Amino acid sequence: MLQTQEVGYWYKNEEEYLYKHVNLEFQRGKMYAILGASGSGKTTFLSLIAGLDQPKTGTVLYNGESLAKIGLRNYRKNDVSIIFQAYNLLPYMSALDNVLTAMSISSSKQEDKKAYALENLASVGIDEGLAKKNVAQLSGGQQQRVAIVRALCCDHELIVADEPTGNLDEKTSKDIVQLFQKVAHDQQKCIIIVTHEQEVAKACDKVYELKNQEFMMVE
247 MLQTQEVGYW YKNEEEYLYK HVNLEFQRGK MYAILGASGS GKTTFLSLIA GLDQPKTGTV
307 LYNGESLAKI GLRNYRKNDV SIIFQAYNLL PYMSALDNVL TAMSISSSKQ EDKKAYALEN
367 LASVGIDEGL AKKNVAQLSG GQQQRVAIVR ALCCDHELIV ADEPTGNLDE KTSKDIVQLF
427 QKVAHDQQKC IIIVTHEQEV AKACDKVYEL KNQEFMMVE
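Residue 247 is where the sequence shown starts when you use the working numbering, and the numbers rise one by one after that.
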């Protein structure tokens with residue numbers, strides 16, 4: 247479904263590269279973790295596979311076609327949902343409207359979009375009362391859950407998440423991870439999570455660790 251072929255990236259000088267010759271494959275129906283220390287480049291890697299940036303060398307392929315050919319904007323609109331560490335919610339909207347707007351942009355095929363959005367928000371502890379509040383009135387953890395639901399409610403087959411459980415308590419974190427598992431396995435979506443949390447990684451089907459400028463599969 248998603249492949250990186252000889253992908254490399256650096257900021258200023260090629261000699262100070264984050265990584266080179268990255269060849270990874272991600273499949274439908276599975277949940278993946280990208281582990282790595284702070285500053286190792288794992289969030290940058292997520293931006294490459296999410297179509298937010300382009301690699302310095304190599305190619306990212308989605309269903310056998312390069313993102314450059316698909317067009318990064320088209321790819322982000324039609325194929326991938328992104329859960330940002332900073333939430334990136336629309337601050338002047340309610341939680342519900344944030345989800346509905348994303349569903350509209352991605353041309354969701356759900357018949358009753360409002361009911362579907364409310365059901366998914368409720369599944370992560372955002373009841374209808376909270377859902378109708380402006381997101382600026384919600385706590386950081388609640389905003390994180392809204393951001394997660396916003397991504398899950400779109401019809402995209404690929405979901406990438408940057409530290410999605412970072413601002414959540416232990417129980418909510420476990421609930422979110424279980425929800426990710428259900429979506430990946432039951433809906434045959436591909437979920438890729440950047441995390442530093444071993445517990446989150448253990449719940450994934452496959453784990454890659456970015457260490458010493460190389461990606462290694464963790465057995």
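Each residue gets a CB set at the ideal place from its N, CA and C atoms; glycine is no exception.
Computed from a predicted structure; not experimentally measured.
Counting only residues of its own chain and dropping the five nearest sequence neighbours on each side, Pro-301 has a CB closer than 7 angstroms to the CB of Val-253, Gly-254, Tyr-255, Leu-294. Within the DSSP secondary-structure output, Cys-436 pairs in a beta bridge with Leu-404.
Distance between Met-247 and Gly-371, taken at the CA atoms: about 32 angstroms. With a cutoff of 8 angstroms on beta-carbon distance, Gln-390 and Tyr-333 are scored as near each other. Taking a C-beta distance under 8 angstroms as the contact criterion, Lys-315 and Ile-351 do not qualify as a contact pair. Distance from the CA atom of Thr-441 to the CA atom of Leu-264, rounded to whole angstroms, is 17 angstroms. Take the alpha-carbon of Glu-443 and the one of Tyr-362: they are about 30 angstroms apart. Where Ser-327 is concerned, the enclosing beta strand (DSSP E) starts and stops at 326 to 329. The closest CA to that of Asp-432, considering only Thr-411, Lys-417, Glu-403, Val-453, is found on Glu-403. Taking C-beta atoms under 8 angstroms as the contact rule, Leu-456 and Leu-281 qualify, at a distance of about 7 angstroms.
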